[in-house]
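Residue 9 in the working numbering is what sits at position 9 of the sequence shown, and the numbering runs on without skipping anything. Note that beta-carbon positions come from the ideal geometry of N, C-alpha and C, so glycine has one too. Presented below is the structure to which this report refers.
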Amino acid sequence: MKLKGLFILGANQAEAIYGPETMREIADLIDLLGPPLTPAAAAQNPAQLRELEVLLSGWGGPVLDRAFLDAAPRLKAFLYGAGSVRNLITDAV
């Protein structure tokens, strides 16, 4: 059974960071819950967050604070494609 994943990052960043070929390879490895979302759009889709096991992110990604982690209780992996996670990782992780 494949893990369930989702790209959550800044608007139009998924393809710029990961590239089309890598995104296809990722889609072969995990069940994507939907198209890439911004953090604001993801917050409006709580059902997707409840199922989320693999978060693929990059520039403009969500802050992994207590509220996000509570909304995504099945989260197992956080993969960040660009830059630093310094401002995204909190003590809640």
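Separation of leucine 3 and glycine 10 (C-alpha to C-alpha, rounded to the nearest whole angstrom) is 23 Å.
In the displayed model, isoleucine 8 falls within a strand according to three-state DSSP. In this structure the segment 36-53 touches the segment 9-26; the number of beta carbon pairs closer than 8 Å is three or more.
With a cutoff of 8 Å on beta-carbon distance, valine 54 and lysine 76 are scored as near each other. Bounds of any beta strand (DSSP E) do not take in leucine 49; it lies within the alpha helix (DSSP H) bounded by 46-51.
Using a Cβ distance threshold of 8 Å, leucine 64 and leucine 6 do not count as a contacting pair. Ile89 is the residue among Gly83, Tyr80, Val85, Ile89 whose C-alpha sits nearest the C-alpha of leucine 69. Per DSSP, the continuous beta strand (DSSP E) segment holding alanine 77 begins and ends at 77-80. Secondary structure at aspartate 65: coil, using DSSP grouped into helix, strand and coil.
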